[in-house]
Amino acid sequence: MLRMRHKTPNGGVTEMKSLAVVIFIVGFLSSVIVSFDSIKPPVRTSELASVAATGVDLEAEIAAFLNDVRSPGFTSAQCVELLGKTTTRLQKATPQDFAPTREMQIQYRQNGARYVRDLFQAKLVLRDRLRDLVLAQQMTPQCISASRELFRVARYLEDLIGEYALNLPKFNAQRKVSPFTGGEPYILTNPKFGGLKFKSGDVVMTRGTAFTSAAIARLGNNDASFSHLAMIYVDPNTGVITPIEALIETGSYNANVREWLNDGKVRAMVFRHRDSSLAAWAAQMMKDEVASYRARTGENIPYDAGLDVRDPSKLFCSELVSHAYDLATGRTGTVPMYQSSLTPKNPYFMNRLGVRVAQTFLPMDIESDPQFELVAEWRDYSQMAMIHMHDAVLTAIFNWIDNGNYVFHDGAYTRTKSEVVYSLRRWPLFSSLLKDKVPKALSADQMSLIQSLDRTSELLFAQLTVANEAQVKATGQYLTINQMLDVLERYRRDDWAKNGPLRQNFSP
Numbered sequence: 046m047l048r049m050r051h052k053t054p055n056g057g058v059t060e061m062k063s064l065a066v067v068i069f070i071v072g073f074l075s076s077v078i079v080s081f082d083s084i085k086p087p088v089r090t091s092e093l094a095s096v097a098a099t100g101v102d103l104e105a106e107i108a109a110f111l112n113d114v115r116s117p118g119f120t121s122a123q124c125v126e127l128l129g130k131t132t133t134r135l136q137k138a139t140p141q142d143f144a145p146t147r148e149m150q151i152q153y154r155q156n157g158a159r160y161v162r163d164l165f166q167a168k169l170v171l172r173d174r175l176r177d178l179v180l181a182q183q184m185t186p187q188c189i190s191a192s193r194e195l196f197r198v199a200r201y202l203e204d205l206i207g208e209y210a211l212n213l214p215k216f217n218a219q220r221k222v223s224p225f226t227g228g229e230p231y232i233l234t235n236p237k238f239g240g241l242k243f244k245s246g247d248v249v250m251t252r253g254t255a256f257t258s259a260a261i262a263r264l265g266n267n268d269a270s271f272s273h274l275a276m277i278y279v280d281p282n283t284g285v286i287t288p289i290e291a292l293i294e295t296g297s298y299n300a301n302v303r304e305w306l307n308d309g310k311v312r313a314m315v316f317r318h319r320d321s322s323l324a325a326w327a328a329q330m331m332k333d334e335v336a337s338y339r340a341r342t343g344e345n346i347p348y349d350a351g352l353d354v355r356d357p358s359k360l361f362c363s364e365l366v367s368h369a370y371d372l373a374t375g376r377t378g379t380v381p382m383y384q385s386s387l388t389p390k391n392p393y394f395m396n397r398l399g400v401r402v403a404q405t406f407l408p409m410d411i412e413s414d415p416q417f418e419l420v421a422e423w424r425d426y427s428q429m430a431m432i433h434m435h436d437a438v439l440t441a442i443f444n445w446i447d448n449g450n451y452v453f454h455d456g457a458y459t460r461t462k463s464e465v466v467y468s469l470r471r472w473p474l475f476s477s478l479l480k481d482k483v484p485k486a487l488s489a490d491q492m493s494l495i496q497s498l499d500r501t502s503e504l505l506f507a508q509l510t511v512a513n514e515a516q517v518k519a520t521g522q523y524l525t526i527n528q529m530l531d532v533l534e535r536y537r538r539d540d541w542a543k544n545g546p547l548r549q550n551f552s553p
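Numbering (our numbering), first residue to last: 46 to 553.
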């Protein structure tokens with residue numbers, strides 16, 4: 046049974062709105078974009094039929110995109126209009142729509158790595174044009190939102206094409222690809238920088254394998270593919286690399302680079318501030334502040350579970366980066382240029398998480414910040430199918446919370462365990478035993494929420510895993526996100542029919 050409870054006025058049953066989510070979008074801008082609007086327009090059947098009949102010439106689509114974006118007439122309004130039109134045409138496309146024949150599937154396997162590289166290069170061009178709009182003071186919130194959706198969906202397309210090129214690499218939880226290795230299509234680099242070599246001040250955006258990572262990526266009004274930021278310091282004398290980051294479990298600390306590289310990353314992007322001197326100074330200042338706080342107090346700078354960038358006495362991962370630039374410039378709010386909005390339809394999850402702000406700096410905001418250049422992007426393709434399932438699970442859960450009035454039913458055991466552990470953390474002996482396992486930044490209720498989120502997510506993930514394996518066996522293709530959401534919605538309806546609104550919970 047679902048470890049969530051459906052709350053309705055007067056005990057009635059509220060029918061959930063359909064989960065209309067953009068799934069597999071083919072092509073780029075002319076054929077791979079999602080709208081920033083919350084209400085998605087219908088797809089014209091005739092257009093989809095035409096695509097399915099011929100398959101998408103991705104090279105031609107990318108060329109058309111570059112032509113449109115490089116046009117002198119490219120404006121914020123044109124950007125938004127173009128994204129909306131493409132979404133109308135292809136928001137429900139599937140892998141069969143861009144490779145409907147065996148010949149085209151072979152073509153995509155042969156050329157997939159190049160297609161992924163070309164999509165990456167097209168994103169670089171788009172980022173440059175977005176910066177032009179900012180410099181011309183023509184940028185709008187709608188265009189920023191649309192660009193965030195574009196980057197996310199284009200990345201999903203890159204994942205799927207890369208999987209084609211690599212013949213669906215097998216998932217292996219114990220054997221992951223080392224970050225920033227593997228060649229194309231695993232790692233893609235900006236030709237401007239001649240490869241990847243970390244510099245002081247670099248900001249690294251990453252994604253892990255925990256369900257909480259998928260949840261963090263979905264906190265903002267725009268969904269994202271990433272959940273964490275870290276800052277890089279490179280000693281000018283020794284060349285030693287020190288990542289600086291803030292974790293829920295530890296607070297802010299100067300990490301060991303080897304341990305940091307191998308902490309379970311499955312996606313990573315490297316961004317570099319256009320002012321290299323400022324970036325290096327920001328990294329130096331942040332590294333010194335973290336070390337100084339540790340020397341004075343014997344502890345790390347506390348983690349900011351409330352995601353409030355206005356209070357630097359506690360820092361969350363993105364806030365650490367913004368605080369570094371505040372220290373370096375003597376001003377506040379210089380990074381990022383555009384923050385994310387946090388305005389869910391149902392604030393239940395945010396309230397229990399302790400988030401009381403309407404705007405904050407989420408990791409994905411660095412990707413749409415024109416002050417930074419994209420240096421490299423890396424992913425472990427053997428983990429992408431799992432990550433897509435995680436994304437689908439958390440998308441479904443948040444949709445059920447927002448549209449179906451669901452809440453987590455923690456259960457007596459979960460609540461009691463969280464209360465006991467929370468109390469034990471205050472005793473020195475037990476605190477030392479629980480070190481790095483139980484975050485001091487979280488209250489008992491927050492810990493209970495995360496435990497319930499994990500348990501519910503694990504259950505839904507198990508349902509998707511079975512369905513995904515059956516799909517691969519039958520068709521040779523992974524489930525699309527849309528198909529995953531359909532599987533989860535059927536499970537929710539079946540659970541409702543069997544257990545009703547008051548018994549939708551799991552025993553620990």
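Where is the CB? At the ideal position from N, CA and C, for every residue including glycine.
How is residue 492 classed by DSSP in three states: helix, strand or coil? The residue you call residue 492 lines up with position 447 of the sequence shown. If DSSP states are grouped into helix, strand and coil, residue 492 belongs with the helices.
Near residue 536, which residues of its chain fall below 6 Å by C-beta distance, leaving aside the five closest residues on each side in sequence? The sequence position of residue 536 within the sequence shown is 491, counting from 1. Excluding sequence neighbours, residue 536 sits near 508.
Please confirm whether residue 436 and residue 221 have their CB atoms less than 8 Å apart. As a first step, residue 436 must be located in the sequence shown, where it is residue number 391. As a first step, residue 221 must be located in the sequence shown, where it is residue number 176. Not a contact, by the Cβ cut-off of 8 Å.
At the level of alpha carbons, what is the spacing between residue 363 and residue 104? What you label residue 363 is simply residue 318 of the sequence shown in a count that begins at 1. What you label residue 104 is simply residue 59 of the sequence shown in a count that begins at 1. Rounded to whole angstroms, residue 363 to residue 104 spans 36 Å at the Cα level.
Report the CB separation of residue 230 from residue 158 in whole angstroms; it is logged as a contact under 8 Å. By one-based count along the sequence shown, residue 230 stands at place 185. By one-based count along the sequence shown, residue 158 stands at place 113. Right, their Cβ atoms sit about 4 Å apart.
Exposed unless 16 or more other CB atoms sit within 10 angstroms - verdict on residue 246: Taking the first residue of the sequence shown as 1, we reach residue 246 at position 201. By the neighbour-count rule (16 or more Cβ atoms within 10 Å), residue 246 is buried.
Per DSSP, cross-strand counterpart(s) of residue 290: Numbered from 1 along the sequence shown, position 245 holds the residue referred to as residue 290. The partner list for residue 290 (beta bridge, DSSP) reads 298.
Return the Cβ separation of residue 278 and residue 332 in integer angstroms, given the expectation that the two are a contact with Cβ distance under 8 Å. As a position in the sequence shown, residue 278 is number 233, starting the count at 1. As a position in the sequence shown, residue 332 is number 287, starting the count at 1. The Cβ separation is near 5 Å, so the contact holds.
Residue 303 versus 212, 486, 427 and 287, residue with shortest Cα-Cα distance: Along the sequence shown, one-based indexing puts residue 303 at 258. Of the listed residues, the one whose Cα sits closest to residue 303 is 287.
At 3 residues or longer, and completely inside the segment 337-378: list those beta strand (DSSP E) runs for me, N to C. none
So the alpha helix (DSSP H) residue 194 belongs to, where does it begin and stop? Position 149 of the sequence shown holds residue 194. Per DSSP, residue 194 belongs to the alpha helix (DSSP H) from 186-210.
Given that a residue counts as buried once 16 or more other Cβ atoms are within 10 Å of its Cβ, and exposed if not, what is residue 324? Residue mapping note: residue 324 aligns to position 279 of the sequence shown, counting from 1. The residue is buried, with at least 16 neighbouring Cβ atoms inside 10 Å.
Do you know how far the Cα of residue 318 is from the Cα of residue 538? Mapped onto the sequence shown, residue 538 falls at position 493. Mapped onto the sequence shown, residue 318 falls at position 273. Looking at the two C-alpha atoms, the distance is approximately 48 Å.
Taking just the CA atoms, how far does residue 198 sit from residue 529? Along the sequence shown, read from residue 1 onward, the residue named residue 529 stands at position 484. Along the sequence shown, read from residue 1 onward, the residue named residue 198 stands at position 153. Taking the straight line from one Cα to the other gives about 16 Å.
For residue 531, which option in 544, 512 and 503 has the closest C-alpha, if you only look at C-alpha atoms? In the sequence shown, counting from the first residue as 1, residue 531 sits at position 486. When only C-alpha atoms are compared, the closest one is 512.
Spatial neighbours of residue 447 within its chain, please: C-beta separation below 8 Å, excluding the five flanking residues on both sides. Position 402 of the sequence shown holds residue 447. Closer than 8 Å at the Cβ level, and outside the excluded window around residue 447, lie 389, 390 and 391.
Figure out for me which residue from 149, 540, 209 and 260 has the closest Cα to the Cα of residue 427. Position 382 of the sequence shown holds residue 427. Looking at the Cα atoms, 209 is the closest of the given residues.
Give the range of the alpha helix (DSSP H) segment to which residue 170 is assigned. In the sequence shown, residue 170 corresponds to position 125, counting from 1. Segment 147-180, the alpha helix (DSSP H) holding residue 170.
Could you check where the alpha helix (DSSP H) with residue 319 kicks off and where it finishes? The count along the sequence shown starts at 1 and reaches residue 319 at position 274. Here residue 319 belongs to no alpha helix (DSSP H), and DSSP marks it neither H nor E.
Based on Cα-Cα distance, which residue from 234, 249, 525 and 542 lies nearest to residue 206? Translated into the one-based positions of the sequence shown, residue 206 becomes position 161. Cα-wise, what sits closest to residue 206 is 525.
Exposure label - residue 569; buried when at least 16 CB within 10 Å: Here the chain covers residues 46 to 553 and nothing more, so residue 569 does not appear.
Can you tell me whether residue 285 is buried or exposed? The criterion is at least 16 other CB atoms within 10 Å of its CB, across all chains shown. Taking the first residue of the sequence shown as position 1, residue 285 is located at position 240. Its Cβ having fewer than 16 others within 10 Å, residue 285 is exposed.
Assuming residue 492 contacts residue 204 under a Cβ cut-off of 8 Å, what Cβ separation, rounded to an integer in Å, is found between them? Residue 492 sits at position 447 when you count from the first residue of the sequence shown. Residue 204 sits at position 159 when you count from the first residue of the sequence shown. Not a contact, Cβ separation roughly 32 Å.
Hey, would you say residue 387 sits closer than 8 Å to residue 400, going by beta carbons? Taking the sequence shown and counting its residues from 1, the one referred to as residue 387 is at position 342. Taking the sequence shown and counting its residues from 1, the one referred to as residue 400 is at position 355. For residue 387 and residue 400, yes; Cβs fall inside 8 Å.
Please list, in chain order, all residues of the same chain as residue 162 whose beta carbon is under 8 Å from its beta carbon, the five residues on each side excluded. The residue given as residue 162 occupies position 117 in the sequence shown. Only 229, 230 and 233 meet the Cβ criterion.
On the three-state DSSP scale, how would you describe residue 121? Taking the sequence shown and counting its residues from 1, the one referred to as residue 121 is at position 76. If DSSP states are grouped into helix, strand and coil, residue 121 belongs with the helices.
Through-space distance from residue 146 to residue 352, alpha-carbon basis: The residue labelled residue 352 in the question sits at position 307 within the sequence shown. The residue labelled residue 146 in the question sits at position 101 within the sequence shown. Roughly 48 Å between the two C-alpha positions.
Three-state secondary structure (DSSP) at residue 108? Taking the first residue of the sequence shown as 1, we reach residue 108 at position 63. Helix, per DSSP.
For residue 112 and residue 175, what's the separation of their Cα atoms in angstroms? Position 67 of the sequence shown, counted from the first residue, corresponds to residue 112. Position 130 of the sequence shown, counted from the first residue, corresponds to residue 175. Those two C-alpha atoms are separated by around 15 Å.
For residue 127, which three-state DSSP category applies? As a position in the sequence shown, residue 127 is number 82, starting the count at 1. Helix at residue 127.
Of the listed residues 243, 213 and 109, nearest to residue 154 (C-alpha basis): Here residue 154 refers to the residue found at position 109 of the sequence shown. For the residues 243, 213 and 109, the minimum Cα distance to residue 154 belongs to 213.
Between residue 264 and residue 407, which are expected to be in contact by the criterion C-beta below 8 Å, what is the C-beta distance as a whole number of angstroms? For the purposes of this step, residue 264 is identified with residue 219 of the sequence shown, where counting begins at 1. For the purposes of this step, residue 407 is identified with residue 362 of the sequence shown, where counting begins at 1. The Cβ separation is near 6 Å, so the contact holds.
Whether residue 313 touches residue 380 by CB criterion (8 Å): For this step, residue 313 is matched to residue 268 along the sequence shown. For this step, residue 380 is matched to residue 335 along the sequence shown. Taking 8 Å as the Cβ cut-off, residue 313 and residue 380 do not qualify as a contacting pair.
Mapping DSSP to helix, strand and coil, what is residue 502? The residue labelled residue 502 in the question sits at position 457 within the sequence shown. DSSP places residue 502 in helix when its eight states are reduced to three.
Burial state of residue 487 (16 or more Cβ within 10 Å): Counting from one through the sequence shown, the residue named residue 487 turns up at place 442. Classification of residue 487: buried, given that the 10 Å Cβ count is 16 or more.
Could you check where the alpha helix (DSSP H) with residue 252 kicks off and where it finishes? Walking along the sequence shown from the start, residue 252 turns up at place 207. Careful: residue 252 lies outside any alpha helix (DSSP H), inside the beta strand (DSSP E) at 248-252.
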